[in-house]
Structure formats: structure tokens, C-alpha cells
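Structure first, commentary second.
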Amino acid sequence: MRASQFLIATQKETPADAEVISHQLMLRSGMIRKLAAGLYSWLPMGLRVLRKAEAIVREEMNRAGVQEVLMPVTQPAELWEESGRWEQYGPELLRIKDRHGRSFCLGPTHEEVITDLVRNELRSYKQLPASFYQIQTKFRDEIRPRFGIMRSREFLMKDAYSFHISQESLQQTYEVMYQAYSAIFQRMGLDFRPVLADTGSIGGSHSHEFHVLAESGEDDIAFSTESDFAANIEMAEAVAPTGERPAAKEQVKDVETPNQHSIEEVSQFLGMEKSNVAKTLIVLAEPEDEEASDPSQLIALVLRGDHELNDIKTEKLRGVASPLTFASEEQVKQQLGCNVGSLGPVGLNIPIIVDRSAAHLADFACGANKEGVHLTGVNWERDCPLARVEDIRNVLAGDLSPDGKGVLEIKRGIEVGHIFQLGSKYSEAMNARVLNEEGREQVMLMGCYGIGVSRVVASAIEQNNDDNGILWPNALAPFQVALIPINMHKSEQVRETCEKLYAELLESGVDVLFMDQEKARLGGMLADVELIGLPHRIVVGDRGLEKGVVEYRNRRETENQDIPLAELHEFLKRFLNEPLNERMLS
RNA sequence: CGGGGCGUAGCGCAGUCUGGUAGCGCACUACACUGGGGGUGUAGUGGUCGUCGGUUCAAAUCCGGCCGCCCCGACCA
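Using our numbering, the first residue of the first sequence is number 1158, and each one after it goes up by one.
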């Protein structure tokens, strides 16, 4: 590509509304432009990157035996009513009406459409397993779009769905997808981790997320230092402390604690570690039966003062309302007779769930359920019953790994992929059956597998940048090589050499950007090429040509290398010989 | 939706408190010089100051409504 025929829309200054580095650099390097909140146009430079990411995903999906389809963005409400999600999905689902008043939505995902398609097309177990994917624009009316392309309302997603006659078959495909995902992110040159995950609103049982590790990530991931255990912090099990609970040494004492409410305040006031103060949270209970639903039923949760409640784990517990809802201050005051800051498990007349670690405390402090008073020297069993012990806290760095090997470490991650074993959730609701070997109708089992293709692009930048701009991994770079002439308008020699090199590089399938603008200044071109992040650059000038060389520099290095013209081709081959997709783009 | 902030040229900003000719830097156009890391000079282009209404002789500036955008929380590829 010739720069003179290609929009290079770089900017010197960082737009004020871009917070994270990937957003800033995508705007500055002229990859994207904002249309409205969470809606972005892809400029030619950015689109090339997006297409490269797409091509890698497509290749690996095809390799894994998944068939490409393309489904409509606009979907009829009826399908969503069938699956129950028209009600369930909430305001993130953009609902629209056509001119006849019929209801539709813009697809945030395509389980309904693919299930409808497959139930009509597949009749026999002999056609299974079958997997389909598409790469397509999704719409989710995010409450708060942010970080540019990272969390936008319209985004490009690869979504795949698999159909099975048995759990074993589903398991197998899940495994294949897991491997394909690993291959995809590896080829893109990303530092990523597959982690155990919650299934969230999509539903189903078994699930992994693929995270690109980056400080700006929105998720916390827990890793073992010794094994390959990795889980989203939402899911990571906090193992029970080992050994017996220490024996009680102290007697219960009332201590006046005027105006001391938070764990911080109380522990300081009492001169105790936060870890030896129990914190008591009050949440709503699950109505026992729907008719007699009494929204005022409460449950107490007890944690160590230095631990944080994990709402995902907690709301899955029997008896706890899902989604997890905290009782209001008035509710607590009215039913328990004291302020939120003075609660404790002793003498509390509602069900109590105690965290595993909190259950291991001895001689601890807690609220006395009386304003301005706390108890010290409290012990389970002796002073209050230890009826129900569960895992309800977030793991902390340094906790034991649930698989017994090593301790946990916590890092931030950007979720770029998610795979689920859905089971029969959609096929059951939408009656997607095939005949089995016995000639009987059987509901198919499903898996679903997503990759945020546009998000991958942003996360690659989060991981690869420096003060001068982006450092694209080879596989995602919009161009592999920048060809930069010095004073081409003055030197016939430079012009001829560049034209010749350009033609040769194109000929050998190298994605090259020829900075051929008349009179463009060297400094400007170098700055642009660095900002855009092209991995390799060749500078051609009279000085070098006198000696028969051109200059090469890798974007990740700071030194130039003189390469004899005659050897350039061989030289470039060495690092361009990776599985690239230049040809798909030309 | 709750809390905080911002809307003045394509981008970054000043001007608003204290009402009186709409400014600066970058970018862009033309010409000249310059020519190995965003060069210099001269001359230019570009803004109904988010929007609607009010106060006033006079509003970017004061008052009110609306709209948009960004940040912090719940959601997710």
C-alpha cells in the first residue's frame, strides 16, 4: 500500500476523553473514531488489524471443524420469548418495533437463532456432533460503555455453537474449542490465561474464560504459583483453614465502642487485627415459595474483618436471594434493633451463614447488636451456634490454592473469550430434538463459545505499547513493514530503489506500507510509523545507498542495522516467515 | 440509574468568577527557505461558543429547561 493513497489519520495530541492506553493509541494512530457513546467507526488502518484478528479466528475455527454461517443481527421477539430471555435479559437487550408493530431485538448473542436453525435442519443423531460459528456485529446496550472499543455497545464477536447427543460428545468439543482458543490467542502473540469462570446470564454448567493479562483489565484472576490452577476471582474457592479451631481462652466481654462502626474503626479502637474482628452483613433471603414471598426475610453473613464478600458464590447458596441484595439500613434497624455497624452473630435471631475462615476464629470481636457496644472474646459454639459454614469470601493473594498446590496470586485480566457447556438450557426450552439410536426423540445438548474480536485488538495494544506508540505483534500489525525514503523528491536513486523494493516486497507477499508522499519529512514519517506500531521498518537514503545498504530497525529495538541491498530479501524472510495472513488482505 | 465532572475551530486548551470586537498551540492551504527524528518564515482557511428559552442597550460569560460526552458503581466478548 502506498501512503499517498491510504488514510493515515494520526494525531499528536491525546483526545481528552480517552482513559486507557489502548483507547488513546487507537485514536491517535487513526484506527478508530467515535460516532457516539460506545459506537465506533473503524478507519482503514484499524480495519486492517481487525481483519487480521478475524482471519486468525476464522482459520482456527475452520481447522477445528466448525462451519461458518451468518445469522441476522435483527431477531424476532418470539424466539426470545420461547427461551424465556425476552423477560430475563434486561435492558441490555435493545428491543425495537418494525412498522407493523412487531417486536424485534438487536442480537446481543445468537443462542436462540442458532437453536431455531438447527432444530429445523438436523433430524438425526447421525448428523451430530455439529458446530457452527459466525463473525458478526453484536449489539449490547451497555449501561456504561467505556475504554473505547474495549467495552462498546456495537462490537465484533465470533460466536460458535455446538450440538450433541451426549455429554461425552459435548465434553469432547469443549476440549477442542479450548485448544482452538489457546491456539488463536497464541498466534496473536498475546499473554493470556484460560481460567475457571462463572456462567453468568448465558446459563449452563462448565465454563472457562480466556483472559489477556493487563493492568487495565476489569476482572481479577487468581492463579496458583505451583500448578496451572486459574480461576476468575468470582469463582475461586477459598479453602477452609487447616487444623482445629484454636481453643477459647477468653470470656465474652462487653466493650463500650461509641461511634465505632466500620471494621477499620473497631479494630483500631480495640487494638486488634482486622482479621480477628468478625463482620456481619445482612442480605435478603430467597422467598421460600413464590406465593408467600416475604421480602423481609433476612440472612446474616459473617466474615473475617479483612475478607471481602464474594457475591457470586453467595447468591448461589440455598436460601439466599439471587441476585444478592443487601438489606436496607431501615430494614436492619427495624428487625434487628440496631445499626448496621453494630451487628454481630451472638444472639441474632435470623439464619446465619459463616464463612469458612470466620468459622475458624477464636476469641474474636464482633458487634453486640446494640448501638455503641462490641463484644470481645467471642467463641463459636460456646457463645453462638455455628450452624452453617460456607465459602462466601473472595480469595486473597497468598491463600492456599484449592487444588492443594501452591498459593494464589492475583492479577488483572481482560476477558477476550468465554466457552460454556450449556447443556439443554436452550434446546429444552426451544424443543430442539433429534432422533437417537433407538428412534426416539432426544433433546440435544449444546455448547457455546465466544471471542470478542474487536476487544482482542484493544487488549493486544494494552499489552504491547511504549512511549512512542503501539508495538503490534506480527500477526496483528496492519502492515508488516514500513518503507521510508529520505528526500525522495530530490534523489532519483532513492526513488528508484524504493519503487523497486516496494514492488519486490509486494511480489513476495509482504504487507508493506510505502511512505511515498512527496516531501514528507523524515521525522514525521518515523513518528507516524512508530505510533501506528508497524513491527519492521526500512529507511532508504542516499547516504546508505552510496555504501549499498539500507537501514533496518525492529519496532521493539532502538538501534538501526545496515543491510546490504542484495541481502535484504533474505534478511526479511527470516522474520516474515511466520504464519502470516498478508495475502488474505491484499 | 445513583454519585462526580465537562461541552468554545479537526485535536489540545484559554476566555466565563467581574456581560461590551471570539483567542492561543497543533493540524490544514499557498509560497519561500530547509531537508537523516514532528524545521523556519510570510500570508491564509476554519467557530450560529452543545441546544432551547429568559434577563439585559448588549450574553461564550448571568438565570432556567433540555441534549450530549467522560469518570466512579451494578453488567459483559
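For each residue, glycine too, the CB sits at the ideal point set by N, CA and C.
A quick note: this is a predicted structure, and the numbers were derived from the prediction, not measured.
>> Please report the distance separating the alpha-carbon of Lys1473 from that of Thr1356.
In response: Along the first sequence, read from residue 1 onward, the residue named residue 1473 stands at position 316. Along the first sequence, read from residue 1 onward, the residue named residue 1356 stands at position 199. Going from the Cα of Lys1473 to the Cα of Thr1356 covers about 12 Å.
>> Buried or exposed for Lys1315, going by 16 or more other Cβ atoms inside 10 Å?
In response: Position 158 of the first sequence holds residue 1315. A residue is called buried when at least 16 other Cβ atoms come within 10 angstroms of its Cβ; Lys1315 meets this threshold and is buried.
> Can you tell which of Gly1666, Asn1631, Pro1642 and Gly1570 has the C-alpha that lies nearest to the C-alpha of Pro1351?
Replying inline: One-based indexing of the first sequence puts residue 1351 at position 194. For Pro1351, the closest C-alpha among the options Gly1666, Asn1631, Pro1642 and Gly1570 is that of Gly1570.
>> Given a cut-off of 8 Å on the beta-carbon distance, is the pair Asp1524 and Ser1558 in contact?
In response: Along the first sequence, one-based indexing puts residue 1524 at 367. Along the first sequence, one-based indexing puts residue 1558 at 401. The displayed chain sequence assigns Gly, not Asp, to residue 1524. Note that the C-beta distance between Gly1524 and Ser1558 is not below 8 Å.
>> To the nearest angstrom, how far is the alpha carbon of Met1603 from that of Ala1393?
In response: Here the question's residue 1603 lines up with position 446 in the first sequence. Here the question's residue 1393 lines up with position 236 in the first sequence. Distance from the CA of Met1603 to the CA of Ala1393, rounded to the nearest whole angstrom, comes to 25 Å.
>> Using a 10 Å radius around the Cβ and a threshold of 16 neighbouring Cβ atoms, would you call Pro1736 buried or exposed?
In response: The residue labelled residue 1736 in the question sits at position 579 within the first sequence. With a pLDDT of 45 at Pro1736, under the threshold of 50, the predicted position of this residue should be treated as unreliable, and no value is reported.
>> Between Thr1533, Ser1373 and Met1601, which has its C-alpha nearest His1180's C-alpha?
In response: Mapped onto the first sequence, residue 1180 falls at position 23. Here the closest residue by C-alpha is Ser1373.
>> For Ala1212, report the span of its alpha helix (DSSP H) as first-last.
In response: As a position in the first sequence, residue 1212 is number 55, starting the count at 1. Run containing Ala1212: Pro1201 to Arg1220, per the alpha helix (DSSP H) assignment.
> In the structure shown, what three-state DSSP assignment does Thr1167 receive?
Replying inline: As a working mapping, residue 1167 is identified with position 10 in the first sequence. In this structure, DSSP gives Thr1167 a state outside helix and strand, which the three-state scheme calls coil.
> Secondary structure at Trp1629, three-state DSSP: helix, strand or coil?
Replying inline: Within the first sequence, residue 1629 is the residue found at index 472, counting from 1. In the structure shown, Trp1629 sits in coil (DSSP, three-state: anything other than H, G, I, E or B).
>> Classify Gln1162: buried if its beta carbon has 16 or more other beta carbons within 10 angstroms, exposed otherwise.
In response: As a working mapping, residue 1162 is identified with position 5 in the first sequence. Its Cβ having fewer than 16 others within 10 Å, Gln1162 is exposed.
> Based on the DSSP secondary-structure assignment, which residues constitute the bridge partners of Leu1460?
Replying inline: As a working mapping, residue 1460 is identified with position 303 in the first sequence. Looking at the DSSP assignment, Leu1460 forms a beta bridge with Lys1436.
>> At the level of alpha carbons, what is the spacing between Asn1593 and Pro1286?
In response: Taking the first sequence and counting its residues from 1, the one referred to as residue 1593 is at position 436. Taking the first sequence and counting its residues from 1, the one referred to as residue 1286 is at position 129. About 12 Å.
>> Is it the case that the segment 1609-1618 contacts the segment 1202-1220, given that we only count it when at least three CB pairs across the two stretches are under 8 Å?
In response: The answer is yes - the segment 1609-1618 touches the segment 1202-1220, with three or more Cβ pairs under 8 Å.
> In whole angstroms, what is the alpha-carbon distance linking Ser1479 and Leu1182?
Replying inline: Position 322 of the first sequence holds residue 1479. Position 25 of the first sequence holds residue 1182. The alpha-carbon atoms of Ser1479 and Leu1182 are separated by roughly 40 Å.
> Rounded to the nearest angstrom, how far is the Cβ of Ala1617 from that of Met1345, given a contact under 8 Å?
Replying inline: Here the question's residue 1617 lines up with position 460 in the first sequence. Here the question's residue 1345 lines up with position 188 in the first sequence. That pair is a contact at about 6 Å.
>> Here's a check: name, in chain order, each residue in its chain whose Cβ is nearer than 6 Å to the Cβ of Gln1674, leaving out the five neighbours to either side.
In response: By 1-based counting over the first sequence, the position of residue 1674 is 517. Only Ala1160 and Ser1161 meet the Cβ criterion.
> Between Leu1729 and the rest of its own chain, which residues show a CB-CB distance below 6 Å, the 5 nearest in sequence each way excluded?
Replying inline: Walking along the first sequence from the start, residue 1729 turns up at place 572. Excluding positions up to five away in sequence, the list is empty.
>> Less than 6 Å between C-beta atoms, sequence neighbours within five positions excluded: which residues of the same chain meet that for Ile1567?
In response: Here residue 1567 corresponds to residue number 410 of the first sequence, with the count starting at 1. Here the set comprises Asp1377, Ala1379 and Ala1554.
>> If you follow the beta strand (DSSP E) that Lys1295 is in, where does it begin and where does it stop?
In response: For the purposes of this step, residue 1295 is taken as the residue at position 138 of the first sequence. Boundaries of the beta strand (DSSP E) around Lys1295: Ala1287 to Phe1296.
> Do Asp1556 and Leu1543 have their C-beta atoms within less than 8 Å of each other?
Replying inline: Here residue 1556 refers to the residue found at position 399 of the first sequence. Here residue 1543 refers to the residue found at position 386 of the first sequence. Contact: no.
>> Once the 5 residues before and after Val1546 are set aside, which same chain residues still bring their CB inside 7 Å of it?
In response: Translated into positions along the first sequence, residue 1546 becomes position 389. Contacts found: Val1511, Arg1513 and Ala1516.
> For Cys1764, which residues does DSSP report across the bridge?
Replying inline: The chain is shown only over 1158 to 1743; residue 1764 falls outside these bounds and no answer can be derived.
>> Rounded to whole angstroms, what is the Cα-Cα separation between Ala1405 and Leu1628?
In response: Sequence index remark: in the first sequence, residue 1405 carries index 248 (1-based). Sequence index remark: in the first sequence, residue 1628 carries index 471 (1-based). Answer to the nearest angstrom: the Cα atoms are 59 Å apart.
> DSSP three-state call for Thr1471: helix, strand or coil?
Replying inline: Taking the first residue of the first sequence as position 1, residue 1471 is located at position 314. Here Thr1471 carries a helix assignment [DSSP, helix/strand/coil].
>> Along the chain, where does the beta strand (DSSP E) containing Cys1262 start, and where does it finish?
In response: Reading the first sequence from its first residue, position 105 is the one you call residue 1262. Per DSSP, Cys1262 belongs to the beta strand (DSSP E) from Ser1260 to Leu1263.
>> Tell me the residue span of the beta strand (DSSP E) that contains Gly1524.
In response: Start at 1 with the first residue of the first sequence, and residue 1524 comes out as number 367. Taken as a continuous stretch (DSSP letters only), the beta strand (DSSP E) holding Gly1524 covers Phe1521 to Lys1527.
>> Val1503 and Ser1521 - do their beta-carbons sit closer together than 8 Å?
In response: Mapped onto the first sequence, residue 1521 falls at position 364. Mapped onto the first sequence, residue 1503 falls at position 346. Residue identity check: residue 1521 is Phe in the sequence provided, not Ser. Cβ atoms of Phe1521 and Val1503: not closer than 8 Å.
> Under 8 Å, do Ala1193 and Val1333 count as touching if we go by C-beta distance?
Replying inline: Taking the first residue of the first sequence as position 1, residue 1193 is located at position 36. Taking the first residue of the first sequence as position 1, residue 1333 is located at position 176. The beta carbons of Ala1193 and Val1333 sit no closer together than 8 Å.
> On the three-state DSSP scale, how would you describe Phe1636?
Replying inline: Position 479 of the first sequence, counted from the start, is the residue given in the question as residue 1636. Note: Phe1636 maps to coil in three-state DSSP.
> By Cβ distance, which residues of its chain are closer than 7 Å to Glu1236, with the 5 residues on each side in sequence left out?
Replying inline: The count along the first sequence starts at 1 and reaches residue 1236 at position 79. Per the sequence presented here, residue 1236 reads as Leu, with Glu not at that position. Its chain contains Glu1269, Val1270 and Asp1273 as the residues whose beta carbon lies nearer than 7 Å to that of Leu1236, once the 5 sequence neighbours on both sides are disregarded; these appear in chain order.
>> When you compare the CB positions of Phe1367 and Phe1349, do they come within less than 8 Å of one another, or not?
In response: The residue you call residue 1367 lines up with position 210 of the first sequence. The residue you call residue 1349 lines up with position 192 of the first sequence. In this structure, Phe1367 places its C-beta atom within 8 Å of the C-beta atom of Phe1349.
> What does DSSP give as the partner residues of Phe1367 in its beta bridges?
Replying inline: Locating residue 1367 in the first sequence gives position 210, counting from the first residue. Bridge partners of Phe1367: Pro1351 and Gly1574.
> Rounded to a whole number of angstroms, what is the C-alpha to C-alpha distance between Pro1745 and Tyr1338?
Replying inline: Not covered by the structure: residue 1745. The range shown for the chain is 1158 to 1743.
>> Once DSSP output is grouped into helix, strand and coil, what is the label at Glu1739?
In response: By 1-based counting over the first sequence, the position of residue 1739 is 582. With a pLDDT of only 39 at Glu1739, under the threshold of 50, the placement of this residue in the model should not be trusted; the figure read from the coordinates follows. The answer is helix: DSSP assigns Glu1739 an H, G or I state.
> Can you round the beta-carbon distance between Leu1200 and Ala1166 to whole angstroms, since I take them to be within the 8 Å contact cut?
Replying inline: Within the first sequence, residue 1200 is the residue found at index 43, counting from 1. Within the first sequence, residue 1166 is the residue found at index 9, counting from 1. Going by Cβ atoms, the distance from Leu1200 to Ala1166 rounds to 6 Å, so yes, they are a contact pair.
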